[in-house]
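The numbering of the sequence shown is the numbering used here, which starts it at 3 and goes up by one. Glycine included, each C-beta is placed from N, C-alpha and C at the ideal position. Okay, so here's the structure we're looking at.
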Amino acid sequence: MRYLRTLFCVVCIAQRWRRAALTKHIPIDVGLVIRATASDLCSFSWRNDQSMEATFSSDDPGQHLKITFTGPCIVRLVDEFPLSTEHKDDPDEGLVSEHFAYRVEGATFDRSQSQAWKTVVGLHFGPTCHYRFITGNTCMDVVSPSEPVFTIIAVETGA
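Take a look at the structure:
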């Protein structure tokens, strides 16, 4: 009986800790001016070599930002509204107004991913990190052992 009471207390403490975990956003410089509310996801594709690419609009209509992750990853595409209201009582740290790209620690999305997957991927490719790209519309979360590669690409404006 004493064992069950102790186990119950440990589970309760762990659940409180998970709910109260601080989400820390660490801004990333992508080399291009992108105001979060003025940008959006333009394209997304999985590649056969286990990489993924996403292209986002920028403040300059003649330039887009291509983000590439090589190797295994978990991706979530979600509208800004559900993202901003996801566990709204969790404290956030490091969010910068209009900033687009972050490395994130302690977020619900990362914590809810398969620990078995993270362990196996970690053994072969290194530890995973969570990255978040925030726009006024479609936001993207990525959990991956690789760092994002940012490429500025020219876009035909049609003028």
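Spatial neighbours of Thr-159 in its own chain (CB-CB distance under 6 Å, excluding positions within 5 residues in sequence) are listed in chain order as Pro-63, Gly-64. Under the three-state reduction of DSSP output, Leu-43 falls in the strand class.
Counted as a single uninterrupted DSSP element, the alpha helix (DSSP H) harbouring Gln-117 occupies residues 117 to 127. Apart from sequence neighbours up to five positions away, the residues of its chain that approach Phe-152 with a beta-carbon distance below 7 Å are Val-32, Gly-33, Leu-67, Ile-69, ordered along the chain. Secondary structure at Thr-57: strand, using DSSP grouped into helix, strand and coil.
When only Cα atoms are considered, Pro-129 and Trp-48 end up about 21 Å apart.
Between Asp-61 and the set Asp-81, Ala-40, Glu-55, the nearest pair of CA atoms involves Ala-40. If you compare the alpha carbons of Cys-75, Leu-79, Trp-119, Ser-53 with that of Thr-140, the shortest gap goes to Leu-79.
The beta carbon of His-132 is closer than 8 Å to those of Arg-105, Val-106, Glu-107, Ala-109, Phe-111, Asp-112, Asp-143, Val-144, Val-145 in its chain, skipping five residues each way along the sequence. In this structure, the CA atom of Gln-115 is about 30 Å from the CA atom of Ile-154.
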